[in-house]
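**Student:**
Residue numbers (our numbering): 9 to 508.
(1) Taking three-plus beta-carbon pairs below 8 angstroms as touching, is the stretch 400-407 in contact with the stretch 328-348?
(2) I'd like to check one pair, residue 55 with residue 483: are the Cβ atoms closer than 8 angstroms?
(3) Of all the options 453, 94, 168, which has the alpha carbon lying nearest to the alpha carbon of residue 291?
(4) If I measure Cβ to Cβ from residue 472 and keep anything under 8 angstroms in the same chain, skipping five residues before and after, which residues do I get?
(5) Have a look at residue 72 and residue 337 and give me their C-alpha separation to the nearest angstrom.
(6) If you follow the alpha helix (DSSP H) that residue 42 is part of, which residue opens it and which one closes it?
(7) With 16 other CB atoms within 10 Å as the buried threshold, where does residue 415 fall?
(8) Run through DSSP, which three-state label would residue 485 get?
(9) Nearest-angstrom Cα distance between residue 247 and residue 452?
(10) Between the Cα of residue 39 and the Cα atoms of 227, 199, 53, 83, which residue gives the shortest distance?
(11) Per the DSSP calculation, residue 421 is bridged to which residue(s)?
(12) Cα-Cα, which of 203, 232, 237, 235 is closest to residue 222?
(13) List the residues that DSSP assigns as beta-bridge partners of residue 262.
(14) For the alpha helix (DSSP H) that contains residue 476, what are its first and last residues?
(15) Looking at the secondary structure, which residues open and close the alpha helix (DSSP H) in which residue 338 lies?
(16) Are at least three pairs of beta-carbons, each pair with one atom in the stretch 108-118 and one in the stretch 324-331, less than 8 angstroms apart?
(17) Which residue comes first and which comes last in the beta strand (DSSP E) that contains residue 318?
(18) Classify residue 368: buried if its beta carbon has 16 or more other beta carbons within 10 angstroms, exposed otherwise.
(19) With a Cβ-Cβ cutoff of 8 angstroms, do residue 449 and residue 413 count as a contact?
(20) Taking the straight line between their C-alpha atoms, what separation do you get for residue 320 and residue 110?
(21) Leaving out five residues on either side along the sequence, give the residues of the same chain with a beta carbon under 6 angstroms from the beta carbon of residue 272.
(22) Let me know the secondary structure DSSP gives residue 157 once reduced to three states.
(23) Determine the contact status of residue 225 and residue 201, defining contact as a CB-CB distance below 8 angstroms.
(24) When we look at the beta-carbon of residue 49 and count the other beta-carbons within 10 Å, is it buried (16 or more) or exposed?
(25) For residue 28, count neighbouring C-beta atoms within 10 Å of its own C-beta (all shown protein chains included) and say buried if the count is 16 or more, exposed if not.
(26) Do the CB positions of residue 493 and residue 335 come within less than 8 angstroms of each other?
(27) Which one of 399, 340, 508, 251 has the shortest CA to CA distance from residue 178?
(28) What does a CB cutoff of less than 6 angstroms around residue 105 pick up in its chain, not counting 5 residues either side in sequence?
(29) Count the other CB atoms within 10 Å of the CB of residue 315; is the residue buried (16 or more) or exposed (fewer)?
(30) Is the separation between the beta-carbon of residue 154 and that of residue 312 shorter than 8 angstroms?
(31) Roughly how many angstroms separate the alpha carbons of residue 303 and residue 376, rounded to a whole number?
(32) Who are the Cβ neighbours of residue 440 in its own chain at under 6 angstroms, not counting the five residues just before and after it?
(33) Does the Cβ-Cβ distance between residue 67 and residue 332 come in under 8 angstroms?
(34) Could you check how far apart the C-beta atoms of residue 188 and residue 181 are, in whole angstroms? I think they sit under 8 angstroms.
(35) Check whether the stretch 494-506 and the stretch 118-130 are in contact - that is, three or more C-beta pairs closer than 8 angstroms.
(36) Grab the span of the alpha helix (DSSP H) containing residue 125 for me, first residue to last.
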């Protein structure tokens, strides 16, 4: 056992190796970094030459099923493993024929921004530093995009699910007849209700459950034949709940539904909420960014009157994951819903954590927050809002092209209107039962995926299995949709022949 003098000598011995996570040779690390960057841009540039998706190989699965590494390996060796087992088997959403979910494709400038953000490794909890200012500027730009006033508040979050949760949390705490933050909803003395259409994203139902209201408190309102919320039916549901002694809190409107892209009558919802003194939250994850386009903006009339709006930059603004946003018109209500004093978060008269700087923890759930704003800031600064709007307009045109191709082919059936960027269709044939058509269309979908031709996903439209094509892809071209329509029709005919 070393005595104190020996320990001191050991600590100050220049020959003793101190643990560090920095490289021993910065030149080698720099060289590997340049190689990674070059490989990454080569991979993106040649994306059309690869399959959209493929199942993982046995070797790749085995490599990703190893025990905890006690001793490290050379970084270049690990990078080689990444190339063979990770990048070789992606989800596929950077490919121009990926249309499975409403998932953005990212952009090269976003890749660079993520690298810069990782190197800074800043926690954007707030305070007086540049990352805070960047997020505040992005939030100001977001308010412009959706038509919100400059004094509204907001915060960047992981995505639409958390954005919806934050918005509805503010709604409940601002409109409930009791202080539910302090006593809880169970002690409030009455039931609270919220309302949304049957086409609303399941994250809203999850949010209502997480708020402690119980998912039964979310009244699911029927839709019209365009899959938009039935406003008279909504008004009746609200009246019935009031008559039963319940307190209606909020209505959720859709600026683009997840299944078909339908846009609820937002102005009519705003009128109703104003009359009924209800909070209007709009889930704009699918379509709100389309307000950047002057030609598409009229479809969203009324969105600017909402009390809160949720949307994603990583969907239809093509920013790398993750980058969601929630905006709240009443900044005081937003802050009141999340502020929880703590001695270790007390402000100082000046310095990093001074009274006049924002604390994002007062506006959301996270205290540990990545620098999400940098990739948004760099993308908008580099490419501009106009070019993003042009890509959105191109996607809408591509959706209409696909719908036209479907309607022009007697073997294909369009299952829903196409107001935005989502096309639901299927292979069909006269005299074939729907159950058989469902099976054929599922096999078409799986074949397209497994052969790496295109990735679409299934949903149900009026009980029928639909091939749902969600277009938020800035790399797609018209010929990609021509290929999709041709493949679906051809594969369907062959599968039908095999069944006969």
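Note that CB positions come from ideal geometry on N, CA and C, so glycine has one too.
**Tutor:** Taking the definition as stated:
(1) Touching, no, given that fewer than three Cβ pairs across the two stretches are closer than 8 angstroms.
(2) Against a cut-off of 8 angstroms, the Cβ pair of residue 55 and residue 483 comes out as a contact.
(3) Per the Cα distances, 168.
(4) Only 423, 434, 442, 445, 446 meet the Cβ criterion.
(5) Per the coordinates, the alpha-carbon of residue 72 lies some 46 angstroms from the alpha-carbon of residue 337.
(6) Segment 34-53, the alpha helix (DSSP H) holding residue 42.
(7) Looking at its Cβ environment, which holds fewer than 16 other Cβ atoms inside 10 Å, residue 415 is exposed.
(8) In the three-state reduction of the DSSP assignment, residue 485 falls in the coil class.
(9) Using only the alpha carbons, I get a separation of about 46 angstroms.
(10) When 227, 199, 53, 83 are compared, the shortest CA-CA separation from residue 39 is found for 83.
(11) Its beta-bridge partners are 434.
(12) Nearest in C-alpha terms to residue 222, of all of 203, 232, 237, 235, is 203.
(13) According to DSSP, which records beta bridges pairwise, residue 262 is partnered with 291.
(14) That residue, residue 476, is in no alpha helix (DSSP H); its beta strand (DSSP E) goes 472-478.
(15) Annotation for residue 338: no alpha helix (DSSP H) segment contains it, and DSSP assigns it neither H nor E.
(16) Touching, yes, given that three or more Cβ pairs across the two stretches are closer than 8 angstroms.
(17) 316-320 is the extent of the beta strand (DSSP E) around residue 318.
(18) Per the 10 Å Cβ criterion, buried.
(19) In this structure, residue 413 does not lie closer than 8 angstroms to residue 449 by Cβ.
(20) As the crow flies, the alpha-carbon of residue 320 is around 10 angstroms from that of residue 110.
(21) Cβ-Cβ distances below 6 angstroms link residue 272 to 236, 237, 261, 262 in the same chain, with the five nearest sequence neighbours on each side left out; the list follows chain order.
(22) Residue 157 falls in the coil class under three-state DSSP.
(23) In contact: residue 225 and residue 201 (Cβ atoms closer than 8 angstroms).
(24) Burial state of residue 49 is exposed, judged by a 10 Å Cβ sphere holding fewer than 16 other Cβ atoms.
(25) Exposed: under 16 other Cβ atoms inside 10 Å.
(26) Taking 8 angstroms as the Cβ cut-off, residue 493 and residue 335 do not qualify as a contacting pair.
(27) Of the candidates 399, 340, 508, 251, the one whose C-alpha sits nearest the C-alpha of residue 178 is 340.
(28) Counting only Cβ-Cβ distances below 6 angstroms, and skipping sequence neighbours, we find 60, 462, 488.
(29) Counting of Cβ neighbours within 10 angstroms places residue 315 among the buried residues, the total reaching 16 or more.
(30) Yes, the Cβ-Cβ distance between residue 154 and residue 312 is below 8 angstroms.
(31) Going by C-alpha positions, residue 303 is about 39 angstroms away from residue 376.
(32) Cβ neighbours of residue 440 beyond the five flanking positions: none.
(33) In terms of Cβ geometry, residue 67 and residue 332 do not form a close pair [threshold 8 angstroms].
(34) The Cβ separation is near 6 angstroms, so the contact holds.
(35) With a cut-off of 8 angstroms, the stretch 118-130 and the stretch 494-506 do not count as touching, because too few Cβ pairs lie within range.
(36) Counting along the chain, the alpha helix (DSSP H) containing residue 125 begins and ends at 116-128.
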